[in-house]
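These notes are about the structure you will find just below.
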Amino acid sequence: MEKMLEKTKKIISLIGFDSVTIEPDEEQNKINVLIRDDSISSEKNQELVKALTHLGRLMTGTEDTQLFFDVNNYKRDREAIILKLARTAAKKAAVTKERVPLPPMNSYERMIIHNELSLRPDVETGSEGEAKERHVVVKPTEL
């Protein structure tokens, strides 16, 4: 963990962001990297999070430590939107007793929905579709 933390600090300092907070989480064996940089337009946040996540995967390789990046709170805000969407879809599926397909999402976003709704006894989730069209379907447990 300590070696990965040092590598992360070195690479992030070379990139030159305005403000960076690096938070190691020994318990979960992960490092959260929170970047705040006003020179980055909001349209670029998603691309930068993807690029940094890719860099993190290359850096960790076979190591157990995981790197999580967030730029200008893009990921945090996106997760909040996804959770709200999941809860709304679950309510709709439970009330209407019909399947509720959600928009296509990446595997991480689909996992957030599956995890969020897994404790609800009135609905279940499944993923459907291929590649970029893969999406979650929320359905009442009776179907």
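Quick note: the sequence shown, position 81, residue 1192 per the working numbering, numbers continuous. Glycine included, C-beta positions come from ideal geometry on N, C-alpha and C. Since the structure is predicted, the reported quantities are computational estimates derived from the model, not experimental observations.
- Residue burial annotation: Arg1168 is exposed, with fewer than 16 other C-beta atoms found within 10 angstroms of its C-beta.
- Taking the Cα of Ala1200 as reference, the smallest distance to any Cα among Ser1152, Asn1184, Asp1233 is reached at Asp1233.
- Using a 10 angstroms sphere on the CB of Leu1228, the tally of other CB atoms reaches 16 or more, which defines it as buried.
- In the three-state DSSP reduction, Arg1147 falls in the strand class (E or B).
- Just so you know, the alpha carbons of Lys1161 and Glu1174 end up roughly 20 Å apart.
- Distance from the CA atom of Val1144 to the CA atom of Lys1195, rounded to whole angstroms, is 24 Å.
- Using a Cβ distance threshold of 8 Å, Ile1223 and Ile1193 count as a contacting pair.
- Cβ neighbours of Val1211 within its own chain (closer than 6 Å, five residues either side excluded): Ala1200, Lys1203, Ala1204, Val1249.
- The residue from Asp1149, Tyr1185, Leu1178 with its alpha-carbon nearest to that of Lys1120 is Leu1178.
- Spanning the alpha carbons of Arg1187 and Glu1220 requires a straight line of approximately 12 Å.
- Short of 6 Å from the beta carbon of Thr1132, and not among the five residues preceding or following it, lie these beta carbons of its own chain, in chain order: Leu1145.
- Beta-bridge pairing by DSSP links Ile1142 to Pro1135, Leu1178.
- Around the Cβ of Val1247, a 10 Å sphere holds 16 or more other Cβ atoms; the residue is buried.
- Taking every protein chain shown into account, the CB of Thr1252 has fewer than 16 other CB atoms within 10 angstroms, so this residue is exposed.
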